[in-house]
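Chemist:
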Amino acid sequence: MNDRELLKILNSISYSEEEIKDLENRAIEAKNSIGEDLYYVKNDKVLRKIAFIELEEKVKSLLKDNEEIKYKMIVLKSYRQKEIFRTDIGFNGGRTTIYLGLFVTDTRIFVFKMDSIYNLLEEVCVNEISNIKSFIDLWEKCSSIGFRFDGGIDILARPYGEENEKIFIEMIKYLKEKTNAEFKPYKGQRPGIFLMIVFILSIAGMIMGFIGSIVYTIKAALDILK
Numbered sequence: 055m056n057d058r059e060l061l062k063i064l065n066s067i068s069y070s071e072e073e074i075k076d077l078e079n080r081a082i083e084a085k086n087s088i089g090e091d092l093y094y095v096k097n098d099k100v101l102r103k104i105a106f107i108e109l110e111e112k113v114k115s116l117l118k119d120n121e122e123i124k125y126k127m128i129v130l131k132s133y134r135q136k137e138i139f140r141t142d143i144g145f146n147g148g149r150t151t152i153y154l155g156l157f158v159t160d161t162r163i164f165v166f167k168m169d170s171i172y173n174l175l176e177e178v179c180v181n182e183i184s185n186i187k188s189f190i191d192l193w194e195k196c197s198s199i200g201f202r203f204d205g206g207i208d209i210l211a212r213p214y215g216e217e218n219e220k221i222f223i224e225m226i227k228y229l230k231e232k233t234n235a236e237f238k239p240y241k242g243q244r245p246g247i248f249l250m251i252v253f254i255l256s257i258a259g260m261i262m263g264f265i266g267s268i269v270y271t272i273k274a275a276l277d278i279l280k
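Just so we're on the same page, my numbering is the position in the sequence shown counted from 1, plus 54.
(1) Based on the DSSP secondary-structure assignment, which residues constitute the bridge partners of tyrosine 153?
(2) Quickly, what does DSSP pair phenylalanine 189 with across the bridge? List them, please.
(3) Starting from glutamate 182, trace the beta strand (DSSP E) in both directions and tell me its first and last residue.
(4) Determine contact between the region 224 to 235 and the region 168 to 179, defined as no fewer than three beta-carbon pairs at a distance below 8 Å.
(5) With 16 as the cutoff for other CB atoms within 10 Å, does proline 213 come out buried or exposed?
(6) Who are the near neighbours of threonine 141 in its chain, counting only those whose CB is closer than 6 Å to its CB and skipping five residues on each side?
(7) Looking at the secondary structure, which residues open and close the beta strand (DSSP E) in which aspartate 119 lies?
(8) My understanding is that methionine 127 touches leucine 156, with C-beta atoms under 8 Å, so please give their C-beta distance in whole angstroms.
(9) Please classify aspartate 208: does DSSP put it in a helix, a strand, or coil?
(10) In three-state DSSP terms, what is leucine 43?
(11) Where does leucine 229 sit, in a helix, a strand or coil, going by DSSP?
(12) Buried or exposed: lysine 241, going by 16 or more other Cβ atoms within 10 Å of its Cβ?
(13) For leucine 174, list the residues DSSP reports as bridge partners.
(14) Spell out the partners DSSP gives isoleucine 163 in its beta bridges.
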């Protein structure tokens, strides 16, 4: 994207009154944000637009002959919570995935992971639509739908905004018709019986060790007093 194209984008972006109020509230809530952080909050829509165009260019460069983009959007990565935004950092100081760039063609799904200011976190994940094993239904819990691919790969996505949600639902219907995959409720993994037994034995061992150390200390003290 050259400077002229970037300027055209910036000149074409306008904010509704609702969006302005939302940005103001987010700026107020970010009490520790100054300078650069505040800039990112206030210019979220601009950054999102630029990221969207750059992602689309990447996808177009990867398309096969006669492959066509059917749906394209930026959504939130779902953390199976009602809260929309997740601002904490990942393990070892890594950046958390906040947004997902979703591009669906007639044969494949392209997924981009991005942080809170739309920086790409890793290379694109590409999967065949035919590899969708099932859809994960989290709509009632947190307005999210997931894709479960062969090989155990899960993508949990959450649309935001009325227009975004409309496109997202249309995309899910399209994928459902293409795959005939079932919708399944999300079930959190539960520890197996073996792991539970190991955990109980570990706790019991710690307690017995603690009691043993107390007995040894008391015995040593009595020996000194003799």
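Cβ coordinates follow ideal geometry from the N, Cα and C atoms, glycine included.
Modeler: If we stick to the structure as given:
(1) Translated into positions along the sequence shown, residue 153 becomes position 99. DSSP output for tyrosine 153 lists Leu130 and Met168 as bridge partner(s).
(2) What you label residue 189 is simply residue 135 of the sequence shown in a count that begins at 1. DSSP, once it has assigned bridges, lists Phe201 and Phe237 as partnering phenylalanine 189.
(3) Within the sequence shown, the letter at position 128 stands for residue 182. Where glutamate 182 is concerned, the enclosing beta strand (DSSP E) stretches over 179 to 182.
(4) no
(5) Your numbering for residue 213 matches position 159 in the sequence shown. By the neighbour-count rule (16 or more Cβ atoms within 10 Å), proline 213 is buried.
(6) In the sequence shown, the residue the question calls residue 141 occupies position 87. Low local confidence applies: a pLDDT of 46 at threonine 141 is under 50, so the model's placement there is unreliable, with the coordinate-based value given in what follows. Excluding residues within five positions, none has a Cβ falling inside 6 Å.
(7) Sequence index remark: in the sequence shown, residue 119 carries index 65 (1-based). Unbroken run through aspartate 119: none, as it is neither H nor E.
(8) Here residue 127 is taken as the residue at index 73 of the sequence shown, counted from 1. Here residue 156 is taken as the residue at index 102 of the sequence shown, counted from 1. Contact flag correct, Cβ pair sits at about 5 Å.
(9) One-based indexing of the sequence shown puts residue 208 at position 154. Reduced to three states, the DSSP call for aspartate 208 is strand.
(10) Missing from the structure shown is residue 43; the chain here goes from 55 to 280 and no further.
(11) The sequence position of residue 229 within the sequence shown is 175, counting from 1. Correct three-state label for leucine 229: helix.
(12) Counted from its first residue, the sequence shown places residue 241 at position 187. So lysine 241 ends up on the exposed side.
(13) Here residue 174 corresponds to residue number 120 of the sequence shown, with the count starting at 1. According to DSSP, leucine 174 bridges with Met168.
(14) Here residue 163 refers to the residue found at position 109 of the sequence shown. DSSP lists Val158 and Asn181 as partners of isoleucine 163.
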